[in-house]
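The opening position of the sequence shown corresponds to residue 0 in numbering that gives the first Met the number 0, with each subsequent residue numbered one higher.
Beta carbons: idealized from backbone N, C-alpha and C, even for Gly.
Scroll down for the structure; my scribbles are underneath it.
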Amino acid sequence: MWNSLPQALRVERAIIKLPEGVTGVVKSLEISKVDDEGNKTVIYGCSNLKVKNGTDLNVSCGGPSYLPSNQSLQYNATIADFKRGTKFAITLVASQSKQLDLQ
Numbered sequence: 000m001w002n003s004l005p006q007a008l009r010v011e012r013a014i015i016k017l018p019e020g021v022t023g024v025v026k027s028l029e030i031s032k033v034d035d036e037g038n039k040t041v042i043y044g045c046s047n048l049k050v051k052n053g054t055d056l057n058v059s060c061g062g063p064s065y066l067p068s069n070q071s072l073q074y075n076a077t078i079a080d081f082k083r084g085t086k087f088a089i090t091l092v093a094s095q096s097k098q099l100d101l102q
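Now the structure itself:
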């Protein structure tokens with residue numbers, strides 16, 4: 000997924016949404032910024048997390064994470080141990096970042 004953010008954001012929570020009782024593993028999760036030349040820099044990532052409904056990836060991965068303004072973002076994830084057809088989502092709760100280096 001590619002998005003360009005108009006302002007820097009502080010992602011306070013990244014909550015996994017799964018059906019009750021369903022668990023699985025996020026083998027890897029990586030959010031990277033991509034510059035105009037296509038160079039990728041990882042700004043957030045973690046691996047081998049057992050997850051269930053309500054797991055906060057920021058807590059599990061040592062967040063919060065900061066996403067810079069006017070950058071393209073690339074989200075990549077690899078999952079395992081989910082039953083085929085399991086529906087899931089990640090809900091991000093964010094606010095404007097006060098980190099001066101991201102403005």
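Pop quiz: residue i and residue j are said to be a contact at Cβ under 8 Å. What is the actual Cβ separation, rounded to whole angstroms?
i     : j    : result
Ser71 : Gln6 : Contact flag wrong, Cβ pair sits at about 15 Å.
From residue i to residue j, what does the alpha carbon distance come to, in whole angstroms?
i     : j     : result
Ser46 : Glu29 : 9 Å
Leu17 : Gly84 : 12 Å
Ala88 : Val33 : 23 Å
Thr54 : Gly61 : 13 Å
Thr77 : Ser94 : 27 Å
Arg9  : Asp80 : 30 Å
Leu66 : Thr22 : 28 Å
Gly20 : Glu36 : 44 Å
Leu91 : Lys82 : 24 Å
Ala13 : Ile42 : 15 Å
Ser96 : Lys39 : 21 Å
Lys51 : Gly44 : 18 Å
Looking only at DSSP bridge pairs, what is residue i linked to?
i     : result
Ser68 : Beta-bridge pairing links Ser68 to no other residue.
Gln95 : Leu8
Leu48 : Val25
So, for residue i: in the same chain, excluding its five sequence neighbours on each side, which residues have a beta-carbon less than 8 Å away from its beta-carbon?
i     : result
Leu48 : Val24, Val25, Leu28, Thr54, Leu56, Ser59, Cys60
Are the C-beta of residue i and some C-beta of chain C separated by less than 9 Å?
i     : result
Ile89 : No chain C is part of this structure, which consists of one protein chain only.
Comparing the CB of residue i with every heavy atom of the ligand SAH, is any distance shorter than 8 Å?
i     : result
Gly23 : Ligands are entirely absent from the displayed structure, and the ligand SAH is therefore not among its contents.
For residue i, collect the residues of the same chain with a Cβ closer than 7 Å to its Cβ; drop the 5 residues on either side in sequence, then sort them by chain order.
i     : result
Pro63 : Arg9, Val10, Glu11, Asn57
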